[in-house]
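Enquirer:
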Amino acid sequence: MSEEAAAPVGNFLWSLVESDLAEGRHKSVITRFPPEPNGYLHIGHAKAIYINFGIAKEFGGRCHLRFDDTNPVKEEQEYIDSIQADVRWLGFDWGDHLYYASDYFDTLYVWAEHLIEKGLAYVDDQTADAIRISRGTLTAPGTNSPFRARSVEENLDLFRRMRKGEFPNGARVLRAKIDMTAGNINLRDPVIYRILHAHHQRTGDAWCIYPNYDFAHGQSDAIEHVTHSLCSLEFEDHKPLYEWLLANLPVPAFPKQTEFARLNITYTILSKRHLTQFVRDKHVKGWDDPRMPTLAGLRRRGVPPAALLDFVKRAGIARANSVVDIAMFDAAVREYLNKAAPRYMAVLRPLKIVIENYPEGQGEELEAVNNPEDPAAGTRKVPFSRELYIEQDDFMENPPKKFFRLSPGTEVRLRYAYFITCREAVKDAAGNVIELRCTYDPATKGGNAPDGRKVKATMHWVSAAHAVKAEVRLYNPLFTRPDPGADGDPVQDLNPNSLEIVEAKLEPELANAKVGETVQFERLGYFCRDSDAGLVFNRTVGLRDAYAKAQ
RNA sequence: UGGGGGAUCGUCUAACGGUAGGACCGCGGACUCUGACUCCGCUAGUCUAGGUUCGAAUCCUAGUCCCCCAGCCA
Numbered sequence: 000m001s002e003e004a005a006a007p008v009g010n011f012l013w014s015l016v017e018s019d020l021a022e023g024r025h026k027s028v029i030t031r032f033p034p035e036p037n038g039y040l041h042i043g044h045a046k047a048i049y050i051n052f053g054i055a056k057e058f059g060g061r062c063h064l065r066f067d068d069t070n071p072v073k074e075e076q077e078y079i080d081s082i083q084a085d086v087r088w089l090g091f092d093w094g095d096h097l098y099y100a101s102d103y104f105d106t107l108y109v110w111a112e113h114l115i116e117k118g119l120a121y122v123d124d125q126t127a128d129a130i131r132i133s134r135g136t137l138t139a140p141g142t143n144s145p146f147r148a149r150s151v152e153e154n155l156d157l158f159r160r161m162r163k164g165e166f167p168n169g170a171r172v173l174r175a176k177i178d179m180t181a182g183n184i185n186l187r188d189p190v191i192y193r194i195l196h197a198h199h200q201r202t203g204d205a206w207c208i209y210p211n212y213d214f215a216h217g218q219s220d221a222i223e224h225v226t227h228s229l230c231s232l233e234f235e236d237h238k239p240l241y242e243w244l245l246a247n248l249p250v251p252a253f254p255k256q257t258e259f260a261r262l263n264i265t266y267t268i269l270s271k272r273h274l275t276q277f278v279r280d281k282h283v284k285g286w287d288d289p290r291m292p293t294l295a296g297l298r299r300r301g302v303p304p305a306a307l308l309d310f311v312k313r314a315g316i317a318r319a320n321s322v323v324d325i326a327m328f329d330a331a332v333r334e335y336l337n338k339a340a341p342r343y344m345a346v347l348r349p350l351k352i353v354i355e356n357y358p359e360g361q362g363e364e365l366e367a368v369n370n371p372e373d374p375a376a377g378t379r380k381v382p383f384s385r386e387l388y389i390e391q392d393d394f395m396e397n398p399p400k401k402f403f404r405l406s407p408g409t410e411v412r413l414r415y416a417y418f419i420t421c422r423e424a425v426k427d428a429a430g431n432v433i434e435l436r437c438t439y440d441p442a443t444k445g446g447n448a449p450d451g452r453k454v455k456a457t458m459h460w461v462s463a464a465h466a467v468k469a470e471v472r473l474y475n476p477l478f479t480r481p482d483p484g485a486d487g488d489p490v491q492d493l494n495p496n497s498l499e500i501v502e503a504k505l506e507p508e509l510a511n512a513k514v515g516e517t518v519q520f521e522r523l524g525y526f527c528r529d530s531d532a533g534l535v536f537n538r539t540v541g542l543r544d545a546y547a548k549a550q
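FYI, the numbering for the first sequence is 0 to 550, going by numbering that gives the first Met the number 0.
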């Protein structure tokens, strides 16, 4: 093995393209990402995008963005726009190669007539129900339509009249004439054109008949000279039809379809139908709700595109159905953000403390490191004063053994500031701790004790007088079980606590955070400034927490 | 009882007849001005039964289990 040898790609798709190129079956690779513009892209699409654009990039080819817009009743311009924005956000570029299946409606129509002329397609007058019944079942063969033997002339005439708009929706369809007894049901004279008196977002009212997926996809691939048509496993059964059409039409190229398993993730639903439902029924606030697995939602939550792509890559590409642990996603996000995100201090659930021996009215600025993983990120000043906020979780009046934080009589470090000792917990009438009286050791300024004494905990804090208030949205999984919908409707598995809102106290610098910027709140997690008015942060992902886990 | 596909640590994934490896999770430990990060270590797998072979996750045979397909959706 030579040292020059490229690292093995490790998945069958890259290997396939590599060998097709090496063995001269193609000069260069052309792939395509072909979404239907009927919803927002989600993390499952990120996998398809990674595969198609990733292969093109890896092997010096190109990837087309093609909208599979053959069903005008479901599609909208809003989705066309959002899909382009999302693909760009992931960092991919289709150059001049933006296409629409609707670009090919004229050609597809001509090819449909071509099929009719070859005696390979016919107009069927049966109702949808009748067609369904005569299609047979999984185990019983279908039976021929009474209209199957129509002459070429009659079929041509009827099909042209379908196109002219002489018939209402559902009155007739065009079917490929293949084999009503085929084991593969897709070959039992599949419908390839249907009457749809509907306005198309791009072709307007030019058409009232539309090709369906099977009659558009492979031909579109061929027209664009796509070499590798990569799709998910459920289209496996369509491949014989895909190839039958290419073999029987005057197409300029013969793309090859190869399937891979789609992405599934625990605690996550990746079905457009359900996601649409959650938006429509207001279980979430919109397509870009940070709890949604949509690219728009993940972006708003603060997930960097590079982390998302890394996750998709780590999850792997294979032909076996699988469900990836959401923990793998969190790990990818944390790994990226740990290196990239600047650190700040923020207190989510404030508990006021008063440093009794710190002079009233006095204040100072302490130097804090912006990112220990990145010295170039520099330092900043954080204001300190007599009254501070610490996290409620960081104090316990009667601590258990392994509690290292503050409790009456213990000493801890305030990060970048001083060692403090808790002297007294002040309670309200109900017995709740509402304030802590503490003292500090002036000799420990900056966080180190000259006498070398150690503390077990370092805590984050915010100066009460300087703190800025912010709404912080803490997101939890949208579902309460790893396999939402396994018992039926995923709506039943929706997590009622998927969003928790707290009013937090932040160090003042955070008021300048840019919308969309993800930062670390030390000891808490990664948070992203939201686009909503005011100072609002979304929790992207929490930090790993060995202490919480031990509880 | 039709057709198509799939089965490797708990999860995801490598291996292309020649040492079953990696990642995530979990569990220890070291380090630490984030109970984070980092580092070290541990745990743990070829669906079953036969066969071929010097040698099988890989090839053969027979099973088992799982997924997809009966839209005028994609």
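In this text, a Cβ means the ideal position worked out from N, Cα and C, and glycines have one as well.
Remember, predicted model here, so these are calculated numbers, not experimental data.
Pick out whichever of 510, 537 and 24 has its Cα sitting closest to the Cα of residue 252.
Expert: That would be 24, whose Cα lies nearest to the Cα of residue 252.
Enquirer: Report buried or exposed for residue 301, applying the criterion of at least 16 other Cβ atoms within 10 angstroms of its Cβ.
Expert: Per the 10 Å Cβ criterion, buried.
Enquirer: I need the straight-line Cα distance from residue 446 to residue 452, nearest angstrom please.
Expert: Taking the straight line joining both Cα atoms gives about 11 Å.
Enquirer: Only counting runs of 4 or more residues, tell me where the alpha helix (DSSP H) segments fall wholly within the region 276-323, in order along the chain.
Expert: As far as the region 276-323 is concerned, its whole alpha helix (DSSP H) runs of at least 4 residues are 294-300 and 304-314.
Enquirer: Is DSSP giving residue 155 helix, strand or coil here?
Expert: It is helical.
Enquirer: Look at the alpha carbon of residue 226 and the alpha carbon of residue 257, and state the distance between them as a whole number of angstroms.
Expert: Residue 226 and residue 257: Cα-Cα distance of roughly 11 Å.
Enquirer: Contact between the region 431-438 and the region 365-383 is defined here as three or more beta-carbon pairs at a separation below 8 Å; is this criterion met?
Expert: No, because fewer than three Cβ pairs between the region 431-438 and the region 365-383 fall closer than 8 Å, the two stretches do not touch.
Enquirer: Can you give the beta carbon distance from residue 384 to residue 408, rounded, assuming they're within the 8 Å contact cut?
Expert: Not really, about 24 Å apart at Cβ, beyond 8 Å.
Enquirer: Within its chain, find whatever has a CB closer than 6 Å to the CB of residue 268; leave out the 5 residues flanking it on each side and keep chain order.
Expert: The residues are 483 and 489.
Enquirer: Ignore the nearest five residues each way along the sequence and tell me which others in residue 241's own chain have a CB closer than 6 Å to its CB.
Expert: Cβ within range, chain order: 217 and 256.
Enquirer: Report yes if the CB atom of residue 184 is closer than 9 Å to the CB atom of residue 141, and no otherwise.
Expert: Yes, the Cβ-Cβ distance between residue 184 and residue 141 is below 9 Å.
Enquirer: Where residue 6 and residue 404 are concerned, what is the direct C-alpha to C-alpha distance, given to the nearest angstrom?
Expert: Low confidence applies to residue 6: its pLDDT is 48, below 50, so where it sits in the model is not reliable, and the reading given next is rough at best. Each residue's alpha carbon lies about 48 Å from the other.
Enquirer: Taking the alpha helix (DSSP H) that residue 200 falls in, what are its first and last residues?
Expert: Careful: residue 200 lies outside any alpha helix (DSSP H) and carries neither H nor E.
Enquirer: To which residues does DSSP link residue 125 through a beta bridge?
Expert: In DSSP, residue 125 forms no bridge with anything.
Enquirer: Which value, in whole angstroms, describes the spacing of the CA atoms of residue 340 and residue 414?
Expert: Going from the Cα of residue 340 to the Cα of residue 414 covers about 18 Å.
Enquirer: Let's see if you can read the secondary structure: which residues bound the beta strand (DSSP E) around residue 418?
Expert: Residue 418 -> beta strand (DSSP E) spans 418-426.
Enquirer: Can you check which of these residues, 116, 220 and 284, is closest to residue 498 by C-alpha distance?
Expert: Of 116, 220 and 284, the residue nearest in Cα terms is 284.
Enquirer: Could you tell me how far apart the beta carbons of residue 603 and residue 313 are, in whole angstroms, since I believe they sit closer than 8 Å?
Expert: For residue 603 there is no data in the structure shown, the boundaries of the chain being 0 and 550.
Enquirer: Do residue 69 and residue 254 have their CB atoms nearer than 9 Å?
Expert: No.
Enquirer: Here's a check: name, in chain order, each residue in its chain whose Cβ is nearer than 7 Å to the Cβ of residue 329, leaving out the five neighbours to either side.
Expert: So the qualifying residues of the chain are 540.
Enquirer: Cβ atoms of residue 36 and residue 79: under 9 Å apart, would you say?
Expert: Yes, they are a contact pair.
Enquirer: Please go through the region 43-129 and give each complete alpha helix (DSSP H) segment of 4 or more residues, from N-terminal end onward.
Expert: Here the runs fully enclosed are 76-88 and 104-116.
Enquirer: Report yes if the CB atom of residue 455 is closer than 9 Å to the CB atom of residue 411, and no otherwise.
Expert: A contact, by the Cβ cut-off of 9 Å.
Enquirer: Is it true that the CB of residue 394 sits closer than 9 Å to the CB of residue 470?
Expert: Cβ atoms of residue 470 and residue 394: not closer than 9 Å.
Enquirer: Work out the CA separation of residue 230 and residue 270 for me, nearest whole Å.
Expert: The straight-line gap from Cα to Cα measures roughly 16 Å.
Enquirer: In terms of residues, what are the limits of the beta strand (DSSP E) holding residue 337?
Expert: Counting along the chain, residue 337 falls outside any beta strand (DSSP E), though it belongs to the alpha helix (DSSP H) covering 325-339.
Enquirer: Given a cut-off of 9 Å, decide if residue 39 and residue 81 are closer than it, judged by their beta-carbon atoms.
Expert: Going by C-beta atoms, residue 81 is nearer than 9 Å to residue 39.
Enquirer: Can you tell me the Cα-Cα spacing of residue 551 and residue 167, whole angstroms?
Expert: In this structure the chain extends from 0 to 550, so residue 551 is not present and cannot be described.
Enquirer: Do residue 245 and residue 221 have their beta-carbon atoms positioned less than 9 Å apart in this structure?
Expert: Result yes, Cβ atoms of residue 221 and residue 245 sit closer than 9 Å.
Enquirer: Per DSSP, what are the beta-bridge partners of residue 478 in this structure?
Expert: According to DSSP, residue 478 bridges with 493.
Enquirer: If you run the structure through DSSP and keep just helix, strand and coil, what is residue 611?
Expert: In the structure as shown, the chain starts at 0 and stops at 550, and residue 611 therefore has no counterpart that could be examined.
Enquirer: What residues are listed by DSSP as bridge partners for residue 31?
Expert: Answer by DSSP bridge pairing, in chain order: 63.
Enquirer: Could you give the C-beta distance for residue 223 and residue 99, rounded to a whole number, given that I count them as a contact under 8 Å?
Expert: With 8 Å as the limit, residue 223 and residue 99 do not qualify as a contact, their Cβ atoms being about 11 Å apart.
Enquirer: Let me know if residue 396 comes out buried or exposed under the rule of 16 or more other beta-carbons within 10 Å of its beta-carbon.
Expert: It counts as exposed.
Enquirer: Three-state secondary structure (DSSP) at residue 550?
Expert: It is coil, neither helix nor strand.
Enquirer: Alpha helix (DSSP H) containing residue 238: first to last residue?
Expert: Counting along the chain, the alpha helix (DSSP H) containing residue 238 begins and ends at 238-247.
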